[in-house]
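Residue numbering for the sequence shown follows the working numbering, beginning at 1 and increasing consecutively.
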Amino acid sequence: MAAPAGYGKTTAVIDYLESVEAPHVWFRIDEGDQDIARFFQYLAQSLASPAVGNLPVFGVEYVEQPKEFARRFFRAYFARFEARHHSGPRRLARRRHARIPGGAFRDVP
């Protein structure tokens, strides 16, 4: 979802998530979040243990391949999310602050 600030994107997503009463994760990224490895670490922590230990960890071997890592991570993440919540549809809200320079995040779907 993309629109200028103040158009109600956040409100629309929150209203939708509340209306379907589905488990979800809300993750906000701002200008202080420049470390892609920490992004994946914090997202993994949203599942709580013991599932976190089974998720891929973003290491130096993925610095040049963030898309490949993201694909691998999210497959594992959503499998654990689904198992934990016993639900079919998967929802992840990722809010990207407008002032974040692209960097590694630019290549993550």
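Glycine included, C-beta positions come from ideal geometry on N, C-alpha and C.
Open item on the list: Give me the residue from Phe58, Thr10, Gln34 with the minimum Cα distance to Trp26.
Closed with: Trp26 has its Cα closest to that of Thr10, out of Phe58, Thr10, Gln34.
Task: Nonlocal neighbours in the same chain, by C-beta distance under 6 Å from Gly17, ignoring five residues either side - done: The residue asked about is misnamed: residue 17 is Leu in this sequence, not Gly. Hits under 6 Å: His24.
Task: Beta-carbon proximity of Phe74 to Phe58, cut-off 8 Å - done: Phe74 is not a Cβ neighbour of Phe58, given a cutoff of 8 Å.
Open item on the list: For a test of the three-state rule: what should DSSP assign to Phe58, helix, strand or coil?
Closed with: In the structure shown, Phe58 falls within a coil segment according to DSSP collapsed to helix, strand and coil.
Task: Residue range of the alpha helix (DSSP H) that includes Val25 - done: Premise fails: Val25 lies in the beta strand (DSSP E), 25-29, not in any alpha helix (DSSP H).
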